[in-house]
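Data first, discussion second: the structure below is written as structure tokens.
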């Protein structure tokens, strides 16, 4: 059945299904009508046989002669010539019979349900009724008269009945076929009309493109119960896609701006060198500057690629990795220690009960996330300040808070700190070399791991970044659980 | 010529300053954000504003609009990393005189800057003429009656400025403002010395020639009028 509906339209399937059901009903109707017709016609036939046999019986009642023998006068009988009959006395004397009576062969007799005998005579099927009756001749006679036990056999050919039955069945069959023939095109037409909202919706949906997101579904699609969820889903999908597209466009534009600026810096650095002949020391100095500029461009490209990797759908679908967060924090503190020392910032690290807890991200991502937050705090700290990095268990996960004692974030800028290419203080961020991607990358990493990240100003001064990440069963934990279950 | 550069990207600003100072010898003031750029531009002593569009605090377009709203006709060259014709049209409609998309060529930037300054002073050609003096702004050379005059960069700039303002009395203060950026501490007697040297050199090129620069006592200097000999007016 599957092959039949494969790549067929819904209209085709519906029409096929309706026609199949209708055909089934037609067959049922024909079968039932056959049964019904047979029943009614044979009932009528039986009544007729009885009536005609009664006629003969009546003729026997009427016949009388002096020798007390019963003779049926055929001239009084008006029976169809093709019927056969015979009347017998109790001693086998033939009281009368039709001209075409042929004694049926004994083995060809078979009694049917309604008490008639089915007999084949000269190639025609006959139903023969056997009727018993009595005739009391001369009841007033001195010897008390004579009682005759009379048996009448009356048969009529059944082919007429069958003919009538066939006529009835044929009528029903023809009617069903006609209905079937009308239904096909009618359903096709009705479906075509009924599916017009779908076509209308498809036409409108086909007009949506990356440049034109305008999608106003027709009223018919909105009010049709079957189409309303689809329409709503399409509207939502389009709205989400448009938003994503717009974000992507903004990102590309911002990225282009950053890249062009970085290239402009390198190009102008080189051109300044070529403005006039310079001393070797000046060239060396200029080349060093160019190298620094190139490194900044490298960092920018690296950050953009990291963000693209973290945000990409393929990355999210990759095998779920897990890493132990506390040991990553150790690494980050170790890694950023020298920089903090250089800037006169003290890193204060406490891990609480967080050791041993794993989160759903690769070790590399975890390192990027934590080092971004700590680096941010260090860069916003003045000489001699302390940055607290505190990890603790929290609501089925682990939270890491990084607290600096810098000048905090401008209230107007606070909602945007996780936006891509956003810089709280552009001139300073540029001088420190950030492209405004660190926190955006951190946020993308955290969200992919199902966690939350926020940045808030402290009551006194400085800001605190808080990351919460749900714990996952790390390799060690999973192994421990397996052992525990094996023991129990 | 004094140029205001409004650019937040530190390294790019450094390079642009160096190029504008070393190349055409402009005095360059740098504003690292839009707000400071707007405040500096209000002083009105600039011959050109080089403006980045994406700026902290106040964006470049707003700075430009405020400038034009003050009826300040200083030529403005926009640096932009944005794509699209729409933004270019918007910029030009807002009163920008020219624009350069990043990453640009420093040589092109300098050439456009010079052209904008020239046109801002009312002369489209790079070679300026006044009296019997021919001043080539591209080569930064001066000739008087066909004879080359060797000038120091500052002397050249004073002469260029005065030729750009032929009949105007130019005060020492104005010369200071247009020839030096705010990083320099200078006194008006520096200008006096430079003008004096300039006069000598111009006179040396054509012995017995007409004096080029008049001194208006207490008010400043003025380029001599070609129609009347100085001696007559002095009488």
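Chains as they are written, first to last, in my numbering: chain X, 25 to 512; chain V, 8 to 242.
Just so it is clear, CB atoms sit at the ideal spot from N, CA and C, and this is done for glycine as well.
None of the values given here were measured: they were computed from a predicted structure.
Beta-carbon proximity of residue i to residue j, cut-off 8 angstroms
{"i": "residue 13/V", "j": "residue 120/V", "result": "no"}
{"i": "residue 32/V", "j": "residue 164/V", "result": "yes"}
{"i": "residue 373/X", "j": "residue 353/X", "result": "yes"}
{"i": "residue 496/X", "j": "residue 384/X", "result": "yes"}
{"i": "residue 369/X", "j": "residue 411/X", "result": "yes"}
{"i": "residue 186/V", "j": "residue 161/V", "result": "yes"}
{"i": "residue 60/V", "j": "residue 47/V", "result": "no"}
{"i": "residue 480/X", "j": "residue 488/X", "result": "yes"}
{"i": "residue 313/X", "j": "residue 293/X", "result": "yes"}
{"i": "residue 183/X", "j": "residue 223/X", "result": "no"}
{"i": "residue 215/X", "j": "residue 38/X", "result": "yes"}
{"i": "residue 107/X", "j": "residue 180/X", "result": "yes"}
{"i": "residue 110/X", "j": "residue 121/X", "result": "yes"}
{"i": "residue 106/V", "j": "residue 169/V", "result": "no"}
{"i": "residue 262/X", "j": "residue 225/X", "result": "no"}
{"i": "residue 173/V", "j": "residue 287/X", "result": "no"}
{"i": "residue 461/X", "j": "residue 328/X", "result": "yes"}
{"i": "residue 87/X", "j": "residue 80/X", "result": "no"}
{"i": "residue 348/X", "j": "residue 380/X", "result": "yes"}
Partners in chain X for residue i, counting only beta-carbon separations shorter than 9 angstroms
{"i": "residue 23/V", "result": "292 and 296"}
{"i": "residue 38/V", "result": "None at all; the shortest Cβ gap to chain X is about 11 angstroms."}
{"i": "residue 26/V", "result": "292, 295, 296 and 299"}
Continuous alpha helix (DSSP H) stretch holding residue i: start and end
{"i": "residue 45/V", "result": "41 to 48"}
{"i": "residue 37/X", "result": "34 to 86"}
{"i": "residue 181/V", "result": "179 to 186"}
{"i": "residue 255/X", "result": "251 to 298"}
{"i": "residue 155/X", "result": "Taken as a continuous stretch (DSSP letters only), residue 155/X belongs to no alpha helix (DSSP H), being part of the beta strand (DSSP E) at 148 to 161."}
{"i": "residue 30/X", "result": "Residue 30/X -> no alpha helix (DSSP H), and no H or E assigned at all."}
{"i": "residue 391/X", "result": "387 to 403"}
{"i": "residue 306/X", "result": "304 to 335"}
{"i": "residue 70/V", "result": "67 to 76"}
{"i": "residue 28/V", "result": "17 to 29"}
{"i": "residue 141/X", "result": "Careful: residue 141/X lies outside any alpha helix (DSSP H), inside the beta strand (DSSP E) at 141 to 145."}
{"i": "residue 95/X", "result": "No alpha helix (DSSP H) contains residue 95/X, which DSSP labels as neither H nor E."}
{"i": "residue 228/X", "result": "220 to 230"}
{"i": "residue 471/X", "result": "462 to 472"}
Residue i: contacting residues in chain V (beta-carbon distance under 7 angstroms)
{"i": "residue 285/X", "result": "16, 19, 88 and 109"}
{"i": "residue 288/X", "result": "19, 109, 110 and 111"}
Within chain X, partners of residue i - CB distance below 8 angstroms
{"i": "residue 103/V", "result": "Neighbours of residue 103/V on chain X: none; closest Cβ ~18 angstroms, over 8 angstroms."}
{"i": "residue 114/V", "result": "295"}
{"i": "residue 61/V", "result": "281"}
Where residue i meets chain V, residues with beta-carbon distance less than 9 angstroms
{"i": "residue 300/X", "result": "29 and 30"}
Bridge partner(s) assigned by DSSP for residue i
{"i": "residue 223/V", "result": "227/V"}
{"i": "residue 118/X", "result": "112/X"}
{"i": "residue 150/V", "result": "141/V and 155/V"}
{"i": "residue 348/X", "result": "382/X"}
{"i": "residue 493/X", "result": "422/X"}
{"i": "residue 57/V", "result": "12/V and 84/V"}
{"i": "residue 477/X", "result": "491/X"}
{"i": "residue 161/V", "result": "Note: residue 161/V sits in no beta bridge, so no partner."}
{"i": "residue 34/V", "result": "9/V"}
{"i": "residue 106/V", "result": "85/V"}
{"i": "residue 417/X", "result": "422/X"}
{"i": "residue 213/V", "result": "In DSSP, residue 213/V forms no bridge with anything."}
{"i": "residue 410/X", "result": "370/X"}
Delimiting residues of the beta strand (DSSP E) encompassing residue i
{"i": "residue 121/V", "result": "Per DSSP, residue 121/V belongs to no beta strand (DSSP E); it is in the alpha helix (DSSP H), 113 to 127."}
{"i": "residue 173/X", "result": "170 to 181"}
{"i": "residue 423/X", "result": "421 to 427"}
{"i": "residue 370/X", "result": "370 to 374"}
Chain V residues whose Cβ lies nearer than 8 angstroms to that of residue i
{"i": "residue 317/X", "result": "18"}
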